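Position 32 of the sequence shown, counted from 1, bears residue number 81 in the working numbering, the numbering being contiguous throughout.
The C-beta atom is built at its ideal place from N, Cα and C for all residues, glycine as well.
All values derive from a computational prediction rather than experimental measurement.
Step one of this worksheet: look at the structure below.
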Amino acid sequence: MLDAPELARFYLRLLPGWGVWRGEDGPDWVHIRPPDGGTGLSFQTEPGYRPPVWPSEPGRPRMMMHLDIEVDDLERETARAVAAGARPAGHQPQDHVRVLLDPAGHPFCLYTESPRRAPQ
Numbered sequence: 050m051l052d053a054p055e056l057a058r059f060y061l062r063l064l065p066g067w068g069v070w071r072g073e074d075g076p077d078w079v080h081i082r083p084p085d086g087g088t089g090l091s092f093q094t095e096p097g098y099r100p101p102v103w104p105s106e107p108g109r110p111r112m113m114m115h116l117d118i119e120v121d122d123l124e125r126e127t128a129r130a131v132a133a134g135a136r137p138a139g140h141q142p143q144d145h146v147r148v149l150l151d152p153a154g155h156p157f158c159l160y161t162e163s164p165r166r167a168p169q
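This is how it looks when you write it as C-alpha cells:
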C-alpha cells in the first residue's frame, strides 16, 4: 500500500521549508509545496500499490516518477536522506549521484554537479 501521508512526511523531512498544502481532492491526497509556493509534489494513497523495480526489469513494475535533487554535499545529504527514511539503491551508476529509494520504493537521486560540467 502507498500511504500518502507517510510519503509526504518523508519528503517534508527531505525538503527543508516545504509545507503541506490542502487541496480539494479528498482524504486520499496530500500535497506539499516549497515555501515560495512554486511547483510541489502530490501523493495519493493507493491500497494496491506495488513498488517499482530499479533498474527496470521486463514484466516488473516500472518507476512512475524520478526526482533529481541537486545538493552541495553529497555524503552529508545522503546521510540526512537515509536518516529521514530513504535507503540506498543497490545500483549506483555515477560517482556524483546517489540513487536512493523513498519509503514507498520510488527511486530518486541526490547529485552534485558533474566534475566534467563544472565551471572553470
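query = Got a sec? Which residues, its chain only, sit under 7 Å from P100 by beta carbon, not counting five neighbours each side?
reply = Within the sequence shown, residue 100 is the residue found at index 51, counting from 1. Here the set comprises P110, A153, G154.
key: Proximity to E124 [Cα-Cα], best of S91, L149, H140   = As a first step, residue 124 must be located in the sequence shown, where it is residue number 75. Nearest in C-alpha terms to E124, of all of S91, L149, H140, is L149.
request  = Would you kindly report the start and end of the unbroken alpha helix (DSSP H) that includes R125?
outcome  = Your numbering for residue 125 matches position 76 in the sequence shown. It spans 123-133 - the alpha helix (DSSP H) in which R125 sits, taken as one unbroken run.
Reduced DSSP category for R136 - H, G, I as helix; E, B as strand; rest coil = Here residue 136 refers to the residue found at position 87 when the sequence shown is read from its first residue. DSSP places R136 in strand when its eight states are reduced to three.
query = At which residue ranges does the region 82-113 contain complete beta strand (DSSP E) runs of 3 or more residues, listed in the order of the chain?
reply = Qualifying beta strand (DSSP E) stretches, in chain order: 90-93.
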